[in-house]
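These notes are about the structure you will find just below.
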Amino acid sequence: MICKECGAYNPDHATFCKVCAASLKPEAAPKAVEEEQQPTKRFSRPSWIVPEQPEPAEEHTEQTKPLAEEPVEKASPAEKPVAEKVAEPAAPEEASEPEEEAPIPMWTPTRTRRKPQPVEPEEDNDEEEDEDDDSSEDDEEESDGIYNDEEALEDADDSFEYEPTPPKRKQQKKKNNTMFTVLLIAIIVVIVGILVLVGYMLLKKQLNCGSNPDRTPVDAQQTGTQTEDVTNPNEPAATEAPALDSRTAQLQEVIEEGDKDMIAITVVVPSNSTVTIDFPNQDDYSFTNSEAKDATRKVKIPAEVFYPGRPLAETESTIVFEPDITITQADGSSYKVNCPSFTRSFPKVSMTVTDPVTEGDEPFMAPQNNVVSMSGIVEAGAEVTIDGKVVSLYQNDDQNVLFMYDYKFADDATEDTVVTVSVTAAKKNCISVTKDVKLHAYKFIPDPMVLEVKSEGAALHADKTGKLNVIGTTLPGATLTATSDNTTNVLCGSVTVDPEGNFSLPITMEESFYGMSVITLNAEKEGAENGSVKFTVTRGFADKAAFVKFYSGKHNYLEIPSKIKIDELLANKEQYASNEYGFRITATVVEVITVDGDTIVKMSMNKTNETVYVHNLSDRWTPGENVGAKYNVYGNFVGTYSDTGCCEFYGWFAKKP
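Just remember that our numbering sits 1 ahead of the position in the sequence shown, which is counted from 1.
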C-alpha cells in the first residue's frame, strides 16, 4: 500500500503510514488539529504526540515491539515508556495553548536519510530487508520506543504531528569515516615516499661505488695527512674507505670516458720521503713529500704502462700484474709498499689470408713460373711476416689494412716439392696469430681426354658391301688412330676431327670376311692425357629376319642341342665359325656384361644347363632389364669366350612365348 501523503510503501493491512503516520484508510481521517511542537533537545529524535482522548477505552501498558526499516541486530533494551501522563514540551510562540496532557507513545526511526521500506505487523513475523549496512551502532544508543499502530493509534486522537530530527549523528559519523580514510591514505603515501627515498639513496650510493671508484679513498681530516689527487685535485675524498699506512697501498680499477683502461693507486707518503712507482714501459712516477706530516697521494695511471709492451704468446692470454712501489726515506733507506695486483686478458690479432685459397689439406699448386702471390687483411698496428720476412702493409679504399707477398720456389724444386709457408701477425700486448699455407711446386697435370664412340652398347654392322662409318666425339685438336684385331680382313681408314671435336672413322671389310672384329681407337693431344677405346664391328645379316630368311632358303639353321652338341662345336671351331652355318639356342639370361662398348649376355641353356655367351645385335632390346627371362637366340658361332672357354655367338634375341 502506498501512502498518499509521503509516497512510502506500507503493508496492505497497515492502518497508518510507517513514515509519516498518515491514515491509510479513508474512514480514518484525522479529526483534530495538528499542533506544532518544538524538540526538547537540539538533536532530539522525532516523536509522535497524541492529544488526550476524551474517553480512552482502556490504557495500554503492554509493551509493543519497535518498528525498524531493515533487519539489523537488536539494540540493548532501554526503559520502556508506560502509559501515563507526561509533561508536554513547550510549544513555540505561534502555537496555540497546550491541551491537557495525555500518555505519549514513542516511535524512533533508525534512520531518516533514506527512504524506509514497509514493515509487516508483528503477527505476520515479516521483515523487509534494506540495502544499507548502517544500523547496529545507532540502534544501541536509541531508546526502544514502543508503538503498536493497531492498538495505540486506534485509541488515540487522529490529530498528530511528525517532527523529524536532523540526523546529525549520521553526518558526523560519515564525516569521521571520511577523515579516517583520508588520514590512512596520507599515511600510506608517506610510507611509500620514505621507502622510495631510501631505495634511491641506496641505489645512488651503489652506483657511486661502482662507477666512480676514483674518489680519494682516505679523508685527510680523519687521518691527519695531506691528500692529493694527481689527476683531479679538487675531487672530495671518500670518507668510508679504510685507513692506509705508508706500507700498504690501495688499488682501484676504473674505466675512464672513452673506455680507456685505467687504475688508481693511493699511497701514504711519510714526511720527507719519496714514493716511486715503477712503470715498465716508460719513466717511473715519483713524488717527494716535503711537508712536516704524511701526505696521501692518489695517482690515476693507464693500465697499459704495466703491460709487457711486446707481442704475446698463446700462453699469455691472461697476465697478473703487481705494481712495484718503493718508499725512500730521508736517511736513504727504502722499503717496498704492499700493493694489490690486477689481472688483464689480452685479445688475438685479427688476420685473414685471402690468397691463395686451398680446400682441405690439399696444397696449392704453383703456376709454371713457381711464384705464388700471397695476400690478406690484418688489423691496424700489427706486423706481418711471411717465411720469416717482414712484408709491407697498405690501406685500401675501404680502410682495410692489406699485405701482399710473392713466394718463389727454389730453383731445385721438383714436381713433387711441397712447402709450408707461415704467415704471422704480431702486435704489442696482443696474442700473435700464425696461419700455415701449403704450396706445391709446379707440376704438369694434363687435361683429361674425351673419347667416345656412338655405338650405344651394340655391335656395329657393316652393310652388304662391307663398309662401315664409325662416329664419336673427342677433344678439339686431338689426333686419333684406329687398328683392328683382324688386320687381314678388316681395314681402318684415317680418322678426321672437326673443330668441335666430332670425329669420323671409315672401316672396310673384305667380301670374304664374315664375322666380328674388335677395333682399338687411340687419341693424343698436347697438354692432355692419352685416350683409348675399343668397340666391336661385324659383317653379316642386318637383322634377325634377314638371318632367318637366308638360312631357311638354303638350308635350315642348326638347333642346339637337338641337332648339334656344344662339345661338337668346340671340337670343330674353324669349320662352324663361318657364315655357312646358322644356329638357334633356347636359353635363360643369367648376366649382362659390357666390354669395350660391346654388350655380352651370359646365358644358361635350358636343357643342358651349359653356359654360352652371346654378343647382342638387337638394337631395341635391353638385356639388363631381362635377367631371368627365357629367349630364343638366332646367330652365328664365332669361337670361344676368352675368359671361360665357353662357346661364343653373336645374334639376335626373340622372347620365348
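Don't be surprised by glycine CBs; every beta carbon is placed ideally from N, CA and C.
Rounded to the nearest angstrom, what separates residue i and residue j at their Cα positions?
i	j	result
Trp-622	Glu-416	50 Å
Gly-640	Pro-364	53 Å
Thr-660	Tyr-651	Nothing can be reported for residue 660: it is not among the residues displayed for the chain, which extend from 2 to 658.
Asn-401	Val-350	14 Å
Asn-397	Pro-348	25 Å
Val-183	Val-190	11 Å
Phe-445	Asn-370	12 Å
Tyr-582	Phe-551	10 Å
Val-270	Glu-254	21 Å
Thr-232	Met-180	Low confidence applies here, because Thr-232 scores a pLDDT of 42, under 50, leaving its location unreliable and the question unanswered by this model.
His-14	Asn-178	40 Å
Ala-22	Ile-186	45 Å
Glu-525	Asp-464	30 Å
Phe-17	Ile-188	51 Å
Glu-511	Ile-594	29 Å
Lys-468	Val-491	10 Å
For residue i, count neighbouring C-beta atoms within 10 Å of its own C-beta (all shown protein chains included) and say buried if the count is 16 or more, exposed if not.
i	result
Met-604	buried
Thr-109	Low local confidence applies: a pLDDT of 38 at Thr-109 is under 50, so the model's placement there is unreliable, and no value is given.
Glu-344	This sequence places Thr at residue 344; Glu is not what is there. Under this definition Thr-344 is an exposed residue.
Glu-501	exposed
Ile-256	exposed
Ser-533	exposed
Leu-690	The shown model of the chain, from 2 to 658, leaves out residue 690, and the question about it has no answer.
Ile-387	buried
Pro-477	exposed
Tyr-395	exposed
Leu-203	exposed
Pro-312	buried
Asp-260	exposed
Val-193	exposed
Thr-475	buried
Ser-287	exposed
Ala-588	buried
Leu-196	exposed
Val-20	buried
Val-590	buried
Leu-1	Summary: the structure shown does not reach residue 1, with the chain confined to residues 2 through 658, and so no result is reported for it.
Ala-293	exposed
Report back the beta-carbon spacing between residue i and residue j to the nearest angstrom; my notes put them in contact at under 8 Å.
i	j	result
Ala-367	His-462	Not really, about 52 Å apart at Cβ, beyond 8 Å.
Thr-267	Thr-316	With 8 Å as the limit, Thr-267 and Thr-316 do not qualify as a contact, their Cβ atoms being about 33 Å apart.
Asn-617	Thr-600	4 Å
Phe-514	Ile-472	Not quite, the Cβ-Cβ distance comes to about 22 Å (not below 8 Å), so this is no contact.
Tyr-1	Phe-638	Because the chain is modelled from 2 through 658, residue 1 falls outside the range shown and cannot be assessed.
Val-634	Ile-567	Wrong, their Cβ atoms sit about 13 Å apart, outside the cutoff.
Ser-342	Glu-323	4 Å
Tyr-308	Asn-273	Contact flag wrong, Cβ pair sits at about 34 Å.
Phe-1	Val-385	The structure shown does not extend to residue 1, since the chain is modelled only from 2 to 658, so the question has no answer here.
Glu-360	Pro-449	Not really, about 19 Å apart at Cβ, beyond 8 Å.
Lys-439	Val-419	6 Å
Gly-1	Asn-580	Summary: the structure shown does not reach residue 1, with the chain confined to residues 2 through 658, and so no result is reported for it.
Glu-649	Tyr-614	5 Å
Pro-562	Lys-608	6 Å
Considering Cα atoms alone, identify which of the options is closest to residue i.
i	options	result
Lys-429	Gly-310, Phe-288, Ala-578, Glu-363	Gly-310
Val-538	Ala-22, Gln-576, Ile-508, Ser-495	Ile-508
Leu-252	Val-20, Ile-192, Asn-339, Tyr-632	Asn-339
Phe-584	Ile-195, Phe-654, Ile-320, Cys-18	Phe-654
Ala-479	Val-498, Leu-469, Gly-467	Val-498
Ala-426	Ala-383, Ser-346, Met-405, Thr-418	Ala-383
Ala-265	Asp-285, Lys-409, Lys-299	Lys-299
Ser-247	Thr-327, Ser-495, Leu-313	Thr-327
Val-358	Met-352, Ser-346, Met-375	Met-375
Val-596	Gly-629, Ser-643, Gly-516	Ser-643
Val-496	Asn-490, Glu-305, Asn-470	Asn-470
Leu-522	Asp-413, Ile-561, Leu-452	Leu-452
Phe-280	Pro-12, Pro-303, Ser-291, Glu-292	Pro-303
Gly-377	Gly-389, Asp-362, Ser-393	Ser-393
Cys-431	Leu-492, Ile-320, Glu-511	Ile-320
Asp-285	Ala-293, Ser-291, Val-276, Glu-292	Val-276
Lys-337	Ser-485, Ala-250, Cys-647, Glu-626	Ala-250
Asp-325	Asp-486, Val-306, Thr-484	Val-306
Let me see if you follow: with CB-CB separation under 8 Å, is residue i close to chain D or not?
i	result
Ile-446	The chain inventory of the structure shown lacks chain D, comprising one protein chain alone.
How about residue i: is its Cβ closer than 7 Å to a heavy atom in the ligand ATP?
i	result
Ala-265	This structure simply doesn't include the ligand ATP, nor any ligand for that matter.
| field | Those runs of the alpha helix (DSSP H) which lie wholly inside the stretch 565-624 and span at least 4 residues | value | 567-572, 574-577
| Mind pulling the beta strand (DSSP E) runs of 3 or more residues that sit fully within the stretch 374-431? | 384-387, 394-396, 402-409, 419-427
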